[in-house]
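In this text, residue positions in the sequence shown follow my numbering: the first is 11, and each later residue adds one.
Every residue, glycine too, gets a C-beta built ideally from N, C-alpha and C.
Just so it is clear, the structure is predicted and the values come from calculations on it, not from any experiment.
Data block below; observations after.
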Amino acid sequence: MGKLPLTPQDFKAVPLVEEIEPFRIVKFAGEQAWVALPGWQVLLGAEDPVVILATSDRFPSQTHTQPGPVLVVIDRSQREWNDFSYFVVDKGGELDFQWFETEPEIPILGKIIIIVRPRKILDEEVTKDSWQIDE
């Protein structure tokens with residue numbers, strides 16, 4: 011979808027994706043970008059997934075890691091509050107990720123279903139040797 015800061019209008023403008031079976035082909039037109047993610051059950055169960063690029067410091071601090079880029083996958087179809095999830099909301103004309111202890115007064119635009127960090131390879135030179143990868 012894009013990188014924060016984004017507006018709620020940007021969020022709503024992303025078209026609903028429909029797959030064409032049997033190969034799950036997706037057609038689209040316009041400015042959209044697509045990302046391939048593993049077939050994890052939480053992603054397969056999403057009815058209207060949208061991805062936003064963000065940094066990890068938008069979420070509660072992690073003690074072991076430095077802030078870095080993350081893909082935030084949101085299911086726009088899940089707009090019902092619960093106290094176990096983070097949600098996307100309109101905060102002053104920009105999208106924001108928030109957790110709510112009680113049901114919020116502001117409308118929920120979608121539920122965050124997964125956050126993905128980029129893969130981390132400690133030694134890039136090792137990946138150039140096919141015998142290292144095959145084992």
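Where residue i and residue j are concerned, what is the direct C-alpha to C-alpha distance, given to the nearest angstrom?
i: residue 16; j: residue 108; result: 15 Å
i: residue 1; j: residue 92; result: Absent from the structure is residue 1, since the part of the chain shown begins at 11 and ends at 145.
i: residue 86; j: residue 56; result: 9 Å
i: residue 131; j: residue 67; result: 21 Å
i: residue 59; j: residue 89; result: 12 Å
i: residue 80; j: residue 20; result: 19 Å
i: residue 54; j: residue 103; result: 30 Å
i: residue 128; j: residue 117; result: 30 Å
i: residue 111; j: residue 101; result: 17 Å
i: residue 95; j: residue 121; result: 7 Å
i: residue 115; j: residue 29; result: 35 Å
i: residue 97; j: residue 13; result: 17 Å
i: residue 126; j: residue 64; result: 10 Å
i: residue 105; j: residue 31; result: 33 Å
Does DSSP classify residue i as helix, strand or coil?
i: residue 1; result: A question about residue 1 goes unanswered here, because the residues of the chain that appear run from 11 up to 145.
i: residue 10; result: No answer is possible for residue 10: it lies beyond the span of the chain, which begins at 11 and ends at 145.
i: residue 39; result: coil
i: residue 53; result: helix
i: residue 121; result: strand
i: residue 146; result: Residue 146 lies beyond the residue range present for the chain, which begins at 11 and ends at 145; the question has no answer from this structure.
i: residue 29; result: strand
i: residue 64; result: strand
i: residue 81; result: strand
i: residue 126; result: strand
Quickly, what does DSSP pair residue i with across the bridge? List them, please.
i: residue 109; result: 96
i: residue 104; result: 101
i: residue 59; result: 85
Can you find the residues in the same chain that come closer than 6 Å, C-beta to C-beta, to residue i, ignoring five residues on each side of it along the sequence?
i: residue 124; result: 52, 83
i: residue 48; result: none
Which residues in the same chain as residue i place their Cβ atom closer than 8 Å to its Cβ, once the five residues preceding and following it in sequence are excluded?
i: residue 45; result: 61, 81
i: residue 35; result: 29
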